[in-house]
Every structure is written in C-alpha cells, then in structure tokens.
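Numbering (my numbering), first residue to last: 99 to 273.
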C-alpha cells in the first residue's frame with residue numbers, strides 16, 4: 099500500500115486531483131466563454147490536455163485493489179476526447195460539429211462523476227457524508243448530472259444549428 103498524505107491521497111493521487119481540478123475549471127471557463135468545449139480555443143485546449151493527463155495519472159491509482167470502474171471511465175473519457183478531436187477537424191462528416199459538442203461535453207460530465215464520488219466518500223475527514231461509492235445518493239447525483247449533460251448538449255446543438263443557419267462557414271470554423 100502506498101503512503102498517503104493530505105486527505106488520504108497518495109502523491110500520485112494529489113497530482114491527479116490537481117490536474118483534474120485544472121481540467122474542470124478550464125471546462126467551466128470554456129463553456130461560459132464560448133458556450134462549448136473545442137480545441138479551437140485556449141480554454142478548450144487546456145481542458146482536453148489536462149483531461150488526458152487526468153486519465154493517464156488515474157490509471158496508476160489502485161485504491162480499491164485493481165482495475166475498476168474509475169479506470170474504465172478513464173478509457174471511455176479518452177475515447178470521447180478522440181472522437182471530439184476527430185469531429186473538431188471535420189473528419190466525421192456534416193455532423194462533425196454536433197458530434198464534437200456531444201463528445202467533449204461527455205468528457206466534461208465524466209469529470210463530475212468521480213469528483214462527487216471522491217469528495218462525498220472522503221469528506222469531512224473521519225466522517226464522510228457517504229459510506230461508499232455504491233451509496234444510492236451517488237446514483238441520484240449521477241442521474242442529475244446526466245440530465246444536466248443532456249440539457250447542455252441540447253442547448254449547444256440548438257446554438258450550433260442557429261449558427262449554421264446564419265452562416266454555414268461559421269458552423270464549421272467555430273467563428
């Protein structure tokens with residue numbers, strides 16, 4: 099078992115958490131500023147690359163004994179980022195911009211699931227709010243996150259359609 103430090107995290111866990119927080123804030127800033135996450139913006143680039151690093155550092159964390167749900171989520175997140183990057187280059191046909199929004203928004207959603215899980219099962223120290231990652235409250239939170247994701251994607255697609263109707267060039271370049 100690796101030595102633990104602040105909040106019961108290993109050194110790798112601390113680095114992983116710090117990088118993931120940068121990714122989350124970059125995603126929030128990208129969504130607030132540009133209404134989407136895309137590699138065409140600085141905040142989008144920070145989000146994507148720190149999310150990649152979050153996944154890679156997460157693969158070295160085995161708090162629960164081996165490969166588990168967080169590792170599977172990391173693989174799914176990397177796949178969503180790859181799809182988003184391909185779509186952002188227009189490589190997935192006429193619906194590339196919509197696919198990009200869906201994929202990057204999914205990777206943003208995927209940050210929140212472990213964020214809530216780890217926070218609520220660790221804090222406050224000594225008496226966490228939830229006893230385990232299987233707590234029914236976490237399933238409810240995940241359901242709310244899914245609804246927020248679907249609403250956010252619907253708003254992005256609506257905005258992209260409006261942009262495409264106003265200017266076909268703007269929809270493909272992000273202008």
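In this text, a Cβ means the ideal position worked out from N, Cα and C, and glycines have one as well.
Distance, Cα to Cα, residue i vs residue j?
{"i": "residue 107", "j": "residue 217", "result": "12 angstroms"}
{"i": "residue 163", "j": "residue 156", "result": "13 angstroms"}
{"i": "residue 247", "j": "residue 185", "result": "19 angstroms"}
{"i": "residue 191", "j": "residue 175", "result": "22 angstroms"}
{"i": "residue 149", "j": "residue 168", "result": "14 angstroms"}
{"i": "residue 245", "j": "residue 110", "result": "32 angstroms"}
{"i": "residue 207", "j": "residue 115", "result": "16 angstroms"}
{"i": "residue 235", "j": "residue 264", "result": "44 angstroms"}
{"i": "residue 188", "j": "residue 201", "result": "13 angstroms"}
{"i": "residue 141", "j": "residue 259", "result": "23 angstroms"}
{"i": "residue 220", "j": "residue 226", "result": "5 angstroms"}
In three-state DSSP terms, what is residue i?
{"i": "residue 138", "result": "coil"}
{"i": "residue 133", "result": "coil"}
{"i": "residue 110", "result": "helix"}
{"i": "residue 95", "result": "The requested residue 95 is not part of the displayed model; the chain covers only 99 to 273."}
{"i": "residue 201", "result": "helix"}
{"i": "residue 118", "result": "helix"}
{"i": "residue 233", "result": "coil"}
{"i": "residue 273", "result": "Since pLDDT at residue 273 reaches only 43, below the 50 mark, its modelled position is unreliable, and no value is offered."}
{"i": "residue 227", "result": "coil"}
{"i": "residue 99", "result": "Residue confidence for residue 99 is low, a pLDDT of 44 falling below 50, so the modelled location carries little weight and cannot support an answer."}
How close, in whole Å, do the beta carbons of residue i and residue j come, if the pair is a contact with beta carbons under 8 angstroms?
{"i": "residue 231", "j": "residue 215", "result": "5 angstroms"}
{"i": "residue 125", "j": "residue 145", "result": "5 angstroms"}
{"i": "residue 243", "j": "residue 210", "result": "5 angstroms"}
Those runs of the alpha helix (DSSP H) which lie wholly inside the region 133-191 and span at least 4 residues: Qualifying alpha helix (DSSP H) stretches, in chain order: 140-156 and 167-186.
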